[in-house]
DNA sequence: ACTATCAGGTTGTCAGACAGGTTGCCGACA
DNA sequence: TGTCGGCAACCTGTCTGACAACCTGATAGT
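Protein chains in written order, with my numbering: chain L, 434 to 679; chain Z, 434 to 679.
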């Protein structure tokens, strides 16, 4: 009777997490608006039936994002939207096809910019590294077992390399955030794509053209090729049947 | 003796904030690496000379970002970079010219994408709204007193409108995050620009061309015009003398 | 009418406690 | 010697109560 944690993946949310979700939900539904004062910590503790320490942990998370600000002796208030200090995405967005496409549009905008920068800043060693990654992609095609996984990983490596070549750490962080969440979601659903290999071949050639443009040191071409590949890749991803239609 | 809170702006950081800063600093310097186990909460409390609740609030913030993960009975661990769930920027980045330019490149990549989307999704009412914002910009020029401020606000409005037209809430959030932080920094330094009005005139015409492209429903042109304006604006901002050179 | 004072509420921090969970050691047993 | 069971130590998550610093609004006194 080996249950090997099918259940443990859907980990039970902690108490502070639930309170954060409740508060952000109220904020999103408009029940809580910028400038409003939150109930006092003791009041919230009573309302949720938890200790004040739990409420404090929840509020401290919201403060960390600049969603609420608190003043000693007065209370905690919902901050103005422009006061936010972090960008974060609800995991639910990665399930809905429309939302996923919008997120990918964001990501691709960033990727395209750094691709152009990379075309300016690239060194010979960078080119060697990128071409090695392309080679890994090509090899992954013939791996019937873990080919998709290896290809996915190589794509990730290529973007990371491009961002590093462009010397833009923030872009790398941003791209990794979105890619990480997408990968998380893809892992949790069945990863089956009948036309995988032929799509992969197309994708690799697109990326090869991108690397070529970077190698030539042509920012405009790099932009074009990056747009071509990553917009296509976004569409291919969104076309997958395992995403909910909304 | 009216001191009107010159000091209170540089608010003293709270204890949990300091611990977060210390831990993220250690992470950034490589003293703490993904997979490492953090000292236990009591150990950290002793080390920092604070109560465990303070340490817990700090760690709860890091958990919220997916920077650390904790397991009952075991401890707290530094998560893998791809496990992050939030994008956040150190305020220091907005002071250094190089970093600021990189952040603006990010932002502009996103803006350019949504501008193209807006050119597809725009309605007549959207156009009216955008042209009204352009008009406000032109009027702001003759306001010698608060002209710069009004112009800045109108620019912000235009971007927000474009993002809303493109129906991309995430892009709006992302742009607002970066703009908000930049505005925060600009407010704290002297805002003086001798050539302000002539630069503003140029900027307004750039944006007018962008709105025109959106009005025509031409995504490619919208992209070009958006790139032209926002790249120029980034350069103009970075040219300001009140930024540290690094 | 104006001002000084004060009581009550609120956040920030501290100290201690306990439940539930995990790890690793250590001894019993085969 | 090798294996297994149990136990002690430790860790996180939560709860409780307390106190200092602070702000607000009412109250009382002038």
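All residues carry an ideal CB built from backbone N, CA and C; glycine is no exception.
CB contact flag (residue i, residue j, <8 Å)
i	j	result
residue 513 of chain Z	residue 453 of chain Z	no
residue 659 of chain L	residue 599 of chain L	no
residue 671 of chain L	residue 534 of chain L	yes
residue 521 of chain Z	residue 491 of chain L	no
residue 485 of chain L	residue 500 of chain L	no
residue 463 of chain Z	residue 543 of chain L	no
Residue i to residue j span [Cα, whole Å]
i	j	result
residue 546 of chain L	residue 654 of chain Z	17 Å
residue 641 of chain Z	residue 567 of chain Z	7 Å
residue 474 of chain Z	residue 445 of chain Z	23 Å
residue 649 of chain Z	residue 483 of chain L	57 Å
residue 673 of chain Z	residue 530 of chain Z	9 Å
residue 610 of chain L	residue 523 of chain L	12 Å
residue 618 of chain Z	residue 451 of chain Z	21 Å
residue 507 of chain L	residue 456 of chain L	19 Å
residue 623 of chain Z	residue 605 of chain Z	Confidence at residue 623 of chain Z is low in this model, with a pLDDT of 44, below 50, so the placement of that residue should be treated as unreliable; the coordinate-derived value is given next. Each residue's alpha carbon lies about 28 Å from the other.
residue 594 of chain L	residue 477 of chain Z	36 Å
residue 465 of chain Z	residue 481 of chain Z	17 Å
residue 647 of chain Z	residue 556 of chain Z	10 Å
residue 601 of chain Z	residue 532 of chain L	9 Å
residue 496 of chain Z	residue 479 of chain Z	21 Å
residue 579 of chain Z	residue 558 of chain Z	28 Å
Inter-residue CB distance, residue i and residue j (contact presumed, cutoff 8 Å)
i	j	result
residue 637 of chain L	residue 563 of chain L	No, residue 637 of chain L and residue 563 of chain L are not in contact; Cβ-Cβ is about 12 Å, not under 8 Å.
residue 603 of chain Z	residue 539 of chain L	6 Å
residue 537 of chain Z	residue 526 of chain Z	Not confirmed; about 11 Å, so no contact.
residue 665 of chain Z	residue 645 of chain Z	Going by Cβ atoms, the distance from residue 665 of chain Z to residue 645 of chain Z rounds to 17 Å, so no, they are not a contact pair.
residue 608 of chain L	residue 616 of chain L	Their Cβ separation, rounded to whole angstroms, is 12 Å, which puts residue 608 of chain L and residue 616 of chain L out of contact at 8 Å.
residue 652 of chain L	residue 553 of chain L	6 Å
Own chain partners of residue i with C-beta closer than 6 Å, once the 5 adjacent residues on each side are dropped
i	result
residue 487 of chain L	448 and 449
residue 467 of chain L	511 and 513
residue 503 of chain L	509
Close beta carbons around residue i, own chain, < 7 Å, minus the five adjacent residues each side
i	result
residue 589 of chain Z	612
residue 643 of chain L	548, 655, 658, 659 and 662
residue 587 of chain Z	566, 569, 570 and 573
residue 634 of chain Z	574
residue 614 of chain L	522, 524 and 527
residue 592 of chain L	544 and 608
residue 489 of chain L	474
Cut-off 8 Å between Cβ atoms - residues of its own chain near residue i, not counting five sequence neighbours on either side
i	result
residue 576 of chain L	583
residue 627 of chain Z	Model confidence at residue 627 of chain Z stands at a pLDDT of 48, short of 50, so the residue's coordinates are unreliable; what they give is reported in the following sentence. Once the five neighbours on either side are set aside, residue 627 of chain Z has no close Cβ partner at all.
Which of the residues in the region 478-505 of chain L, read from start to end, lie with their CB under 7 Å from any CB of chain Z?
486, 489, 490, 493, 494 and 497
For the region 457-474 of chain L, enumerate the residues whose C-beta is nearer than 8 Å to any C-beta of chain Z, in chain order.
For the region 457-474 of chain L, which is checked against every Cβ of chain Z, not one residue is closer than 8 Å.
Could you please tell me which residues of the region 521-540 of chain L, in chain order, have their CB closer than 7 Å to any CB of chain Z?
521, 522, 535, 536, 538 and 539
Chain L contacts made by the region 572-586 of chain Z, where a contact means CB separation under 7 Å
Shown here is that no member of the region 572-586 of chain Z has a Cβ falling below 7 Å from a Cβ of chain L.
Where the region 546-575 of chain Z meets chain L: residues whose CB sits under 8 Å from a CB there
Listed in sequence order: 546, 547 and 550.
Just by C-beta distance, which residues in the region 604-617 of chain Z are closer than 8 Å to chain L?
604, 606, 607, 609, 610, 612, 613, 614 and 616
Residues, ordered as in the chain, of the region 641-658 of chain L that lie near chain Z by beta-carbon distance below 7 Å
none
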